[in-house]
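Note sheet for the following structure.
Protein chains: 2
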Amino acid sequence: MAGARITPRAQDYAQWYQDVVREGGLAEAAEVVRGCMVIKPHGYAVWEKMQADLDRRFKETGHQNAYFPLLIPLSVLAKEAQHVEGFAMECAVVTHSGLKAHDGKISVKNELEEPYVVRPTSETIIGHFFKKWIDSYRDLPMLLNQWANVMRWELRTRLFLRTGEFLWQEGHTAHATHAEAQEEVARMLDVYRDFAHEVMALPVIQGVKTENERFAGAVETRCIEALMQDGKALQAGTSHDLGQNFGKAFDVTFQNQQGAREHVWQTSWGVSTRLVGAVVMAHSDDDGLVLPPRLAPIHVVFVPIWKSDAEKAQVCEAAHKLAKELREDGLGVKVDDRDNLRPGDKYYEWERKGVPLRIELGPRDLAAGTVMAKRRIAPLDANGKAVKETLSMQDLGVAVGRILDEFQRFLYERALAFREANTVVVDTWDEFVAVFKGEGSKFVHAHWDGTGATEKAIKEATKATIRCLPYDGQGPALEPGRCIKTGAPSARRVLFAKNY
Amino acid sequence: MAGARITPRAQDYAQWYQDVVREGGLAEAAEVVRGCMVIKPHGYAVWEKMQADLDRRFKETGHQNAYFPLLIPLSVLAKEAQHVEGFAMECAVVTHSGLKAHDGKISVKNELEEPYVVRPTSETIIGHFFKKWIDSYRDLPMLLNQWANVMRWELRTRLFLRTGEFLWQEGHTAHATHAEAQEEVARMLDVYRDFAHEVMALPVIQGVKTENERFAGAVETRCIEALMQDGKALQAGTSHDLGQNFGKAFDVTFQNQQGAREHVWQTSWGVSTRLVGAVVMAHSDDDGLVLPPRLAPIHVVFVPIWKSDAEKAQVCEAAHKLAKELREDGLGVKVDDRDNLRPGDKYYEWERKGVPLRIELGPRDLAAGTVMAKRRIAPLDANGKAVKETLSMQDLGVAVGRILDEFQRFLYERALAFREANTVVVDTWDEFVAVFKGEGSKFVHAHWDGTGATEKAIKEATKATIRCLPYDGQGPALEPGRCIKTGAPSARRVLFAKNY
Numbered sequence: 063m064a065g066a067r068i069t070p071r072a073q074d075y076a077q078w079y080q081d082v083v084r085e086g087g088l089a090e091a092a093e094v095v096r097g098c099m100v101i102k103p104h105g106y107a108v109w110e111k112m113q114a115d116l117d118r119r120f121k122e123t124g125h126q127n128a129y130f131p132l133l134i135p136l137s138v139l140a141k142e143a144q145h146v147e148g149f150a151m152e153c154a155v156v157t158h159s160g161l162k163a164h165d166g167k168i169s170v171k172n173e174l175e176e177p178y179v180v181r182p183t184s185e186t187i188i189g190h191f192f193k194k195w196i197d198s199y200r201d202l203p204m205l206l207n208q209w210a211n212v213m214r215w216e217l218r219t220r221l222f223l224r225t226g227e228f229l230w231q232e233g234h235t236a237h238a239t240h241a242e243a244q245e246e247v248a249r250m251l252d253v254y255r256d257f258a259h260e261v262m263a264l265p266v267i268q269g270v271k272t273e274n275e276r277f278a279g280a281v282e283t284r285c286i287e288a289l290m291q292d293g294k295a296l297q298a299g300t301s302h303d304l305g306q307n308f309g310k311a312f313d314v315t316f317q318n319q320q321g322a323r324e325h326v327w328q329t330s331w332g333v334s335t336r337l338v339g340a341v342v343m344a345h346s347d348d349d350g351l352v353l354p355p356r357l358a359p360i361h362v363v364f365v366p367i368w369k370s371d372a373e374k375a376q377v378c379e380a381a382h383k384l385a386k387e388l389r390e391d392g393l394g395v396k397v398d399d400r401d402n403l404r405p406g407d408k409y410y411e412w413e414r415k416g417v418p419l420r421i422e423l424g425p426r427d428l429a430a431g432t433v434m435a436k437r438r439i440a441p442l443d444a445n446g447k448a449v450k451e452t453l454s455m456q457d458l459g460v461a462v463g464r465i466l467d468e469f470q471r472f473l474y475e476r477a478l479a480f481r482e483a484n485t486v487v488v489d490t491w492d493e494f495v496a497v498f499k500g501e502g503s504k505f506v507h508a509h510w511d512g513t514g515a516t517e518k519a520i521k522e523a524t525k526a527t528i529r530c531l532p533y534d535g536q537g538p539a540l541e542p543g544r545c546i547k548t549g550a551p552s553a554r555r556v557l558f559a560k561n562y
Numbered sequence: 063m064a065g066a067r068i069t070p071r072a073q074d075y076a077q078w079y080q081d082v083v084r085e086g087g088l089a090e091a092a093e094v095v096r097g098c099m100v101i102k103p104h105g106y107a108v109w110e111k112m113q114a115d116l117d118r119r120f121k122e123t124g125h126q127n128a129y130f131p132l133l134i135p136l137s138v139l140a141k142e143a144q145h146v147e148g149f150a151m152e153c154a155v156v157t158h159s160g161l162k163a164h165d166g167k168i169s170v171k172n173e174l175e176e177p178y179v180v181r182p183t184s185e186t187i188i189g190h191f192f193k194k195w196i197d198s199y200r201d202l203p204m205l206l207n208q209w210a211n212v213m214r215w216e217l218r219t220r221l222f223l224r225t226g227e228f229l230w231q232e233g234h235t236a237h238a239t240h241a242e243a244q245e246e247v248a249r250m251l252d253v254y255r256d257f258a259h260e261v262m263a264l265p266v267i268q269g270v271k272t273e274n275e276r277f278a279g280a281v282e283t284r285c286i287e288a289l290m291q292d293g294k295a296l297q298a299g300t301s302h303d304l305g306q307n308f309g310k311a312f313d314v315t316f317q318n319q320q321g322a323r324e325h326v327w328q329t330s331w332g333v334s335t336r337l338v339g340a341v342v343m344a345h346s347d348d349d350g351l352v353l354p355p356r357l358a359p360i361h362v363v364f365v366p367i368w369k370s371d372a373e374k375a376q377v378c379e380a381a382h383k384l385a386k387e388l389r390e391d392g393l394g395v396k397v398d399d400r401d402n403l404r405p406g407d408k409y410y411e412w413e414r415k416g417v418p419l420r421i422e423l424g425p426r427d428l429a430a431g432t433v434m435a436k437r438r439i440a441p442l443d444a445n446g447k448a449v450k451e452t453l454s455m456q457d458l459g460v461a462v463g464r465i466l467d468e469f470q471r472f473l474y475e476r477a478l479a480f481r482e483a484n485t486v487v488v489d490t491w492d493e494f495v496a497v498f499k500g501e502g503s504k505f506v507h508a509h510w511d512g513t514g515a516t517e518k519a520i521k522e523a524t525k526a527t528i529r530c531l532p533y534d535g536q537g538p539a540l541e542p543g544r545c546i547k548t549g550a551p552s553a554r555r556v557l558f559a560k561n562y
């Protein structure tokens with residue numbers, strides 16, 4: 063029953079990630095559908111936890127969910143020129159309806175008058191409806207969100223991080239003024255940051271993207287960036303100021319309080335199943351998946367330990383009783399009373415599934431009214447052995463709640479310490495090149511002359527990209543200097559890293 | 063601000079339905095996407111309530127959610143012959159990736175080696191993965207569910223009831239024996255019935271479909287059928303016994319406890335956004351949408367009533383305070399304190415949105431410590447005027463909870479009484495033809511000779527179809543007789559109606 067080996071991070075980080083996802087039962091490549099994946103029950107349960115928490119935050123900030131069509135007519139997609147150019151190569155296109163059989167082969171039947179694109183994102187189709195729905199300043203702000211699947215066929219894919227189809231939410235809002243839209247962009251990026259910190263236990267840096275990295279059709283893109291264990295950055299969420307670009311492309315106007323007609327100001331913002339990959343990469347270890355309690359489908363697994371059938375009956379009964387109590391506290395609890403596995407095999411399996419807390423319960427524990435608890439990542443004792451904690455069966459829920467809170471905080475603090483240890487300020491090109499040599503990467507704050515040409519030259523030379531211009535206070539103090547590559551004057555340092 | 067007129071049911075039932083959906087803010091036709099719709103926030107919120115309740119029921123019966131690819135390779139879809147034949151004409155087909163611009167026009171770029179079908183349902187792609195995941199009896203039963211969008215392009219569409227794209231859940235399970243699979247089919251149909259009765263306030267009849275109406279690839283299809291206000295039936299959910307058809311097509315086998323390999327037995331079952339249409343059609347009236355409280359996004363709307371600014375401040379403060387208390391009880395509550403509308407306009411708007419309970423609150427009520435409550439459908443007094451109830455502000459939550467429970471029950475009982483009044487047992491062809499003359503329709507229990515040919519002949523003559531062979535006890539007693547059309551012997555009566 064033992065799973066396949068998990069490749070150690072130090073040996074092959076990319077393979078380690080694949081192994082953790084596979085052994086954690088999170089997802090697998092669809093294979094027969096190019097670049098797509100199947101999200102397996104354990105992985106989908108993590109996504110559901112993310113959805114529930116984010117959905118609550120969106121509603122608390124005044125947004126309502128709606129659902130727009132999957133298919134976008136080519137002519138609608140093409141209305142915003144930069145947008146269609148940005149997504150053109152990644153589009154899956156529906157050209158036919160119906161199938162016919164002939165000579166034992168199945169083929170397509172009716173060609174459509176106009177092809178449809180499977181949505182890569184929904185600004186355009188939503189623009190079409192905003193025009194129908196918005197007429198007066200009283201209709202604004204319009205604050206919508208959609209939970210949906212989208213498709214972007216890309217050449218190189220990786221489970222959760224970059225797949226042909228993925229699940230996401232996309233917020234789409236329309237406002238009467240640019241200032242209001244800008245506030246919305248910042249507000250939703252704060253929602254993403256808070257979610258990353260509080261739920262994913264993942265510290266992120268907020269900032270503004272360069273023009274090269276901007277969303278196709280936006281006037282500004284903001285993002286949250288997280289550091290993975292290999293020193294590479296992962297963009298975890300984006301929030302776009304669309305200005306009046308889509309408003310003008312779709313002629314979405316409103317009558318203002320003075321009776322004049324103006325184009326609306328729009329925003330869009332999204333996070334996706336990529337966040338599941340971010341959680342995996344940020345917290346897991348060579349023993350497999352590690353999940354923060356607030357995203358764990360199973361918080362606690364009981365492993366009863368017995369020798370005789372009589373013992374089995376007793377310890378299993380006690381485990382099920384305790385499990386029931388914990389479930390009443392809202393926890394996800396599993397009792398692993400399978401006959402055909404030894405306790406060690408069970409430990410191994412649940413570790414790989416990222417269960418934050420294991421509780422062992424044998425006849426001696428039962429007699430003493432206690433259980434043995436082991437955190438998924440436990441401190442080591444003087445002999446280098448993982449510490450187990452003895453907990454009283456009485457008020458077990460309180461102790462478990464405390465441990466899960468501590469474990470959630472521990473993961474955040476560990477990730478933050480890792481990020482701090484892997485963030486540097488660099489002022490010379492030689493030093494910069496050294497950081498990114500081979501597979502090397504860190505968060506690097508460095509001066510840049512502000513041109514797209516230099517940004518590209520740096521990427522070609524080192525594979526490092528500008529992740530963002532961090533908000534003030536989310537990096538070293540804003541001060542002028544000279545570009546590490548060209549020596550030209552620079553107003554401030556920006557954040558570089560290789561990225562997923 | 064008054065909405066457009068709602069066509070009375072008696073005048074044009076189909077137009078009435080469209081008007082109720084539009085004025086209720088539930089959905090609208092996408093127009094630019096053939097046969098598809100936009101689900102607007104109020105409609106989507108109803109669907110979210112359905113999802114939350116059903117998802118809990120699925121999990122309580124041991125199912126886990128997962129997510130499979132949107133696109134199905136043609137060769138995978140074609141593996142089960144009956145299945146591909148059943149869905150062939152409705153498929154949307156992706157044949158290209160990428161777009162290119164030339165001469166100012168955008169067109170498709172790269173032809174795919176193999177076309178993909180946008181899933182019309184997922185038995186085939188899931189069959190592909192069941193083969194990879196199932197190896198031993200220990201892997202069974204495999205109990206999965208997916209929340210997803212699907213596409214079936216049909217010629218005649220109607221908001222919610224039949225649309226090119228719709229949202230649904232599809233359960234997919236694999237079992238070691240046929241008996242277990244059959245139990246699952248019945249169990250999930252019971253889940254659907256309980257949901258319809260308890261949440262949708264919609265009485266349904268459970269039964270078995272005829273071979274003609276069976277799901278493509280199933281050995282048996284069971285369904286729940288509801289009666290709409292025009293006497294037509296609406297199929298509200300289906301549960302399929304797939305036998306070993308897909309197991310054999312995809313070669314999904316398991317090693318049984320004796321060490322031999324067998325093909326798995328599968329089921330699938332689903333309900334969709336069509337249920338939103340069913341709720342609208344079953345309960346709404348000529349004043350617009352009526353929603354059962356358990357599906358209402360807004361349970362209570364407060365309409366404060368004032369003349370002076372001083373009065374406004376007082377009544378609005380009281381309304382917001384009461385609303386806050388009701389929200390703490392888990393209710394959806396709106397306070398309509400808009401300046402630019404008169405109370406009558408507000409009543410009208412919230413009635414059309416189907417809010418179950420309106421609470422009016424003026425200065426005199428405030429002084430008396432009471433509010434005036436009016437149910438969306440209220441009993442009439444001796445003068446034919448809708449009764450309003452005086453409720454104390456003290457413990458308002460208790461009174462509101464009681465009224466909402468009563469209103470939920472009232473809608474169920476009203477729908478049940480309507481169904482009983484519109485269900486007949488018919489034993490002659492003349493009588494049968496009379497029921498279905500013109501636009502006429504009812505639930506008709508009648509004898510049928512069991513042949514597909516007669517079923518088709520009856521449909522051609524009357525437009526009535528066999529909705530199901532009701533479970534024993536869900537119709538008149540099972541007794542033999544003679545087919546109303548051919549006079550041939552019949553073992554039992556079956557349920558006929560025109561249908562959506």
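Residue numbers (our numbering), protein chains in the order written: chain A, 63 to 562; chain B, 63 to 562. Ideal Cβ positions, reconstructed from N, Cα and C, are used throughout, including at glycine.
Check: Short Cβ contact (8 Å threshold) for residue 293 of chain A with residue 172 of chain A; Outcome: no
Check: Per DSSP, the bridge partner or partners of residue 551 of chain A; Outcome: A/544
Check: Short-range partners of chain A found in the segment 88 to 106 of chain B, where Cβ spacing is below 7 Å; Outcome: 92, 94, 95, 98, 100, 101, 102, 103, 106
Check: Residues from the segment 202 to 217 of chain B in contact with chain A, defined by Cβ distance under 8 Å; Outcome: 206, 210, 211, 213, 215
Check: Cβ contact (3+ pairs, closer than 8 Å) linking the segment 98 to 116 of chain B and the segment 333 to 348 of chain B; Outcome: yes
Check: At least 3 beta-carbon pairs within less than 8 Å: the segment 349 to 365 of chain B vs the segment 386 to 402 of chain B; Outcome: yes
Check: Distance, residue 131 of chain A Cα to residue 408 of chain A Cα; Outcome: 45 Å
Check: Residue environment, residue 552 of chain A, which counts as buried when at least 16 other CB atoms sit within 10 Å; Outcome: buried
Check: Residue 104 of chain B to residue 554 of chain B span [Cα, whole Å]; Outcome: 44 Å
Check: Selected residue, minimal CA-CA separation from residue 167 of chain B, among A/297, A/146, A/439, A/427; Outcome: A/146
Check: Partner residues on chain B for residue 168 of chain A, Cβ-Cβ distance less than 7 Å; Outcome: 136, 140, 146
Check: Top-ranked residue by Cα proximity to residue 431 of chain B, from B/448, B/226, B/458; Outcome: B/458
Check: Rounded straight-line distance, which links the Cα of residue 72 of chain A to that of residue 329 of chain B; Outcome: 45 Å
Check: Inter-residue CB distance, residue 126 of chain A and residue 205 of chain A (contact presumed, cutoff 8 Å); Outcome: 7 Å
Check: Selection from B/193, B/489, B/274 that minimises the alpha carbon distance to residue 325 of chain B; Outcome: B/193
Check: With 16 other Cβ atoms within 10 Å as the buried cut-off, status of residue 154 of chain B; Outcome: buried
Check: Where the beta strand (DSSP E) containing residue 315 of chain B begins and where it ends; Outcome: 315 to 317
Check: Within chain B, partners of residue 219 of chain A - CB distance below 8 Å; Outcome: Chain B residues near residue 219 of chain A: none, gap ~12 Å exceeds 8 Å.
Check: C-beta neighbour in chain B for residue 191 of chain A, strict 8 Å; Outcome: yes
Check: Cβ-based burial, residue 63 of chain A [other Cβ within 10 Å; buried from 16]; Outcome: The predicted model places residue 63 of chain A with a pLDDT of 43, which falls under 50 and marks its position as unreliable, so this point remains unresolved.
Check: Other residues of its chain near residue 322 of chain B: CB distance less than 7 Å, five sequence neighbours each side excluded; Outcome: none
Check: Inter-residue Cα distance where the pair is residue 479 of chain A and residue 296 of chain B; Outcome: 59 Å
Check: Per-residue DSSP class, three states only, for residue 258 of chain A; Outcome: helix
Check: Cutoff 8 Å: residue 234 of chain A Cβ touching any chain B Cβ; Outcome: no
Check: Test: residue 250 of chain A CB closer than 8 Å to a CB of chain B; Outcome: no
Check: Assigned exposure category for residue 418 of chain B - 16 Cβ within 10 Å defines buried; Outcome: buried
Check: First and last residue of the uninterrupted beta strand (DSSP E) at residue 154 of chain A; Outcome: 154 to 164
Check: Simplified DSSP assignment, three categories, for residue 283 of chain A; Outcome: strand
Check: Cβ of residue 159 of chain B within 8 Å of any chain A Cβ; Outcome: yes
Check: Proximity test, Cβ basis, 8 Å: residue 130 of chain A and chain B; Outcome: yes
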